[in-house]
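Chains as they are written, first to last, in my numbering: chain L, 15 to 102; chain R, 63 to 196; chain V, 6 to 263. Idealized CB from N, CA, C, for every residue including glycine. Small disclaimer: the values here were computed from a predicted structure and weren't measured.
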Amino acid sequence: MSALLAVLFLLTAASGTAVVLVRDPGRQIFAIAANGLVLTLLFTALQAPDVALSELAVGVAAVPLLFLVALMAVRAGRPEAGSGGDEA
Amino acid sequence: MSHAMDVLPYAVAAWLFAVGLYGIASSRNLIHLVGCLSVCQSATYALLLGLGYRWGSVAPIFYDHPPGTPAVDPVVQALVLTDIVVGATLTALLLVLTVQVYKRGGSLDPETLRPMRGGRTPDSAPTSGSKAAP
Amino acid sequence: MSPRARLALLAAAGLALLPGAAATLGGLPAFGSRIAEYGARINALVPGERHVANMVSAINFDLRGLDTLGEEFMLLAAITGTVVLLRGRRGEGMTDRAMRRPGRAVRPQTEAVVLACRVAGVLTALFGLYVVLHATVTPGGGFQGGVILASATLLVYLGEGYVGWRDAVRSHWLDAMEGGGALLFALCGLVPMLVGAAFLQNVLPLGTFRDLFSGGLMLVENLGVALAVTGGFTQLFLEFMEETRAADGPEEPGEDSA
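If you want it as C-alpha cells, here you go:
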C-alpha cells in the first residue's frame with residue numbers, strides 16, 4: 015500500500031508538471047485529462063471515493079471539454095476586422 | 063523508504079503549487095495559463111487529502127464496514143469534493159474571459175495585453191452604457 | 006515587466022519562502038500517522054446521531070451545511086457570470102435558437118453512433134440519478150451526480166447533432182434548475198426557522214441507518230445541489246458550444262470551410 019501511494023503521488027507530480035510544460039493548448043488538453051485521471055486514482059487510493067467520483071466526472075470529462083470548446087471558439091471566432099485593429 | 067513517505071505527499075503538494083506558479087508566470091498563452099492554475103489547485107487537493115489519510119483506515123462510508131471502524135478524515139474530503147466542482151465552474155468563467163480577451167484584442171498572449179479603455183470600441187457599446195442612455 | 010525579470014522575481018520569492026516551506030513540511034504530522042480530532046469525532050458520532058452512512062455527505066449537507074450554501078452560491082455566481090459574458094455579447098434574443106456558422110458543413114451521424122449514444126445516454130443519466138439519490142448511503146451525492154447528469158445531455162449532442170440537442174435542452178429550463186436548486190437549499194435553511202429550530206437544523210425524521218431515505222433534511226438539500234449542478238453545468242456546456250457557432254457580423258463565405 016505504501017509503495018502504491020508513493021508511486022501515485024509521484025505520478026501526480028509528474029502529470030502536473032506535464033500540464034505546465036506542454037505549452038501548446040491543443041496538446042495541453044490531453045495532459046489535463048491525464049492529470050485528472052491520475053488524481054482520480056490517487057484519491058481512490060487515499061480512501062476518498064466521493065472525491066474520486068467527483069474528480070472523474072469533472073477532471074476527466076467536464077474540464078477538458080471546456081478547454082477544448084474554448085480553444086475551438088478562439089480558432090473559430092477571429093477578432094472582428096477593423097474594430098480590433100484601430101484600437102490596438 | 064518509510065521516512066521519505068512521511069513527507070512525500072506534502073512535498074508533492076508544494077512541488078505542484080510551485081510548478082503551477084512557474085507556469086503562470088512564464089505562460090505565453092492565456093488558455094495554457096488557466097491550465098497551470100488548475101495545477102496549483104490540485105496541489106491543495108494533494109495536501110488536504112494527504113493530511114486526512116491514516117494508514118490502515120477505511121473510507122468514511124459505513125455501509126460495508128460497521129460504524130466504529132477506523133476511517134480517514136471526512137472533513138478534508140468534503141472540502142476537496144465541493145472545491146473540485148465549484149473550481150470547474152470558475153475555470154469556465156476564466157476560459158470565457160480568455161475568449162473575450164481574444165475576440166477584443168486578437169491575441170492570447172498576456173504580454174500583448176493592453177489596458178481596456180471603456181466606451182471607445184464600437185463593439186463594447188451594446189453591452190453597457192449607450193443602450194440604456196436614450 | 007519583461008518575462009525574464011518576472012521569472013527572476015518569482016525565483017527570488019521562491020527562494021525566500023523555501024526555508025519557511027521546508028520548516029512547515031517538516032513540522033506537519035508524518036503522512037498517515039493520525040487524523041484531526043474533528044474528523045475522528047465525526048466518524049465516531051454521526052452514524053448514530055444522523056443515521057447516515059456517508060460521512061462526507063453528512064458534513065456537506067448537515068454539519069457544515071452553511072459552507073455548502075456558500076459554495077452553492079459561488080457556483081451560481083460563477084455560472085451567471087459566464088452566461089452574462091457570453092450572452093451579453095451575443096444578444097439575449099438568440100438564446101433559444103441554434104445558431105449555425107455559414108459555410109460549415111453539417112455531417113449527419115451514422116446510425117451506429119445514434120444508437121450507441123441513445124443507449125449510453127440513457128444509461129449515463131440513470132447512473133447519474135443513482136449517484137444523486139444514494140448520497141447518504143454510498144459514495145456520491147448532488148455534486149458528483151449533477152456533473153454526470155450534465156454529461157449525459159452531451160451524449161444527446163453527440164447522437165442527435167447540435168440542433169437536436171438545442172431542441173431537447175432548453176436554456177430557460179436550465180436557468181430555472183440552477184436558480185431553483187440554490188433556492189431549495191436556502192429554503193432548507195429558512196423553513197426550519199418557521200418551526201422554531203435553528204437555521205439549517207435537521208428537523209425531518211432521520212430514517213433508518215443504511216436506508217435510501219435516511220438523513221432527513223439532507224435528502225432535500227442534496228436534491229437542491231443536484232438540480233443546481235446539473236442545470237449549471239449543462240448551461241455551461243450549452244453556452245460554450247454556442248460560442249463556437251456565434252458568427253459575429255457577416256462572414257465571408259469560404260473563409261471558414263475547415
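If you compare alpha carbons, which of the options is closest to residue i?
i      : options                           : result
V127/V : L160/V, Q149/V and R112/V         : L160/V
E183/V : L222/V, G220/V and L241/V         : L241/V
L110/R : D126/R, A73/R and G85/R           : A73/R
V118/V : N65/V, L163/V and L91/V           : L163/V
L70/R  : I93/R, L113/R and N91/R           : L113/R
V142/V : A130/V, P8/V and L211/V           : L211/V
A49/V  : S89/R, D145/R and F124/R          : F124/R
L81/V  : G186/V, R123/V and Y135/V         : G186/V
L14/V  : C98/R, A76/R and S88/R            : S88/R
P113/V : G166/V, S176/V and L222/V         : G166/V
R116/R : P78/L, Q61/L and S68/L            : Q61/L
D72/V  : E226/V, T239/V, V137/V and E244/V : E226/V
A155/V : M198/V, H56/V and F132/V          : F132/V
G236/V : I153/V, M223/V, E116/V and I64/V  : I153/V
A157/V : L18/L, R89/L and A76/L            : A76/L
R92/V  : V158/R, A105/R and L152/R         : V158/R
C122/V : F238/V, N65/V, L68/V and W170/V   : W170/V
I40/V  : A75/R, D135/R and D126/R          : D135/R
I146/R : V174/V, E248/V and Q149/V         : Q149/V
A233/V : R11/V, G75/V, G31/V and E247/V    : G75/V
If you drop the 5 nearest sequence neighbours on each side, which residues of the same chain put their C-beta closer than 7 Å to that of residue i?
i      : result
L70/L  : T54
A133/R : S119, V120, A121 and P122
K142/R : At residue 142/R the sequence reads Val, which differs from the Lys that was named. Y107, L110 and L111.
E248/V : L91
L217/V : L138, H139 and V142
F78/V  : A187
When we look at the beta-carbon of residue i and count the other beta-carbons within 10 Å, is it buried (16 or more) or exposed?
i      : result
Y164/R : buried
S100/R : buried
F190/V : buried
T174/R : exposed
D64/L  : buried
V88/V  : buried
F204/V : exposed
L56/L  : buried
W178/V : exposed
L22/V  : exposed
M15/L  : exposed
L95/R  : buried
G37/V  : buried
L20/V  : exposed
G50/L  : buried
V274/V : It is not possible to answer for residue 274/V, since the shown part of chain V is limited to 6 through 263.
T115/V : exposed
P78/L  : buried
G25/V  : exposed
S62/V  : buried
E42/V  : exposed
A16/V  : exposed
S68/L  : buried
V161/R : buried
Apart from the five residues on each side of it in sequence, which residues of its chain come closer than 6 Å, Cβ to Cβ, to residue i?
i      : result
V52/L  : L25, T26 and S29
A32/L  : A45
S186/R : For S186/R, the pLDDT reaches just 42, beneath the cut-off of 50, and the residue's location in the model is therefore unreliable, leaving the point undetermined.
G99/L  : For G99/L, the predicted model reports a pLDDT of 37, less than 50, meaning its position is unreliable; a value from the coordinates is still stated below. Answer for G99/L: no residue qualifies.
T58/L  : A66
D253/V : Note on D253/V: pLDDT 46, under 50, position unreliable in the model; no value is reported.
L170/R : N91, L92 and Y164
G44/V  : none
F238/V : V152 and A155
H127/R : V120
E244/V : V88 and L91
Take residue i and list the residues in its own chain whose beta-carbon comes closer than 8 Å to its own, dropping the five residues that flank it on each side.
i      : result
L188/V : G229
C102/R : L78, F79, G82, L83 and I86
A58/V  : P52, T141, V142, T143, F214, R215 and S219
L85/L  : P39, G40 and I43
S97/L  : Any reading at S97/L needs caution, since the residue's pLDDT is 41, under 50, leaving its predicted position unreliable; the model's value is listed next. There are no such residues.
May I ask you to list the residues that DSSP assigns as paired with residue i?
i      : result
N65/V  : According to DSSP, which records beta bridges pairwise, N65/V is partnered with nothing at all.
A133/R : V120/R
G37/V  : R116/R
N59/V  : I123/R
Can you give me, in chain order, the residues of the stretch 62–76 of chain L that have a beta carbon less than 7 Å from any beta carbon in chain V? Of all residues in the stretch 62–76 of chain L, only P63, D64, L67, S68, A71, V72, A75 and A76 place a beta-carbon less than 7 Å from a beta-carbon of chain V.
Positions along the stretch 146–157 of chain V whose CB lies within less than 9 Å of some CB in chain L: Result list: G146, F148, Q149, G150, G151, V152, I153, A155 and S156.
When Cβ atoms are compared, which residues of the stretch 235–248 of chain V fall closer than 8 Å to chain L? Cβ contacts with chain L come from F238, L241, F242, F245, M246 and E248.
For the stretch 138–155 of chain R, which residues have a CB atom closer than 7 Å to at least one CB atom of chain V, in sequence order? The residues in question are Q139, A140, L143, T144, V147, V148, T151, L152, A154 and L155.
Residues of the stretch 29–57 of chain L whose Cβ lies closer than 7 Å to any Cβ of chain V, in chain order: Correct list: empty, as no residue qualifies.
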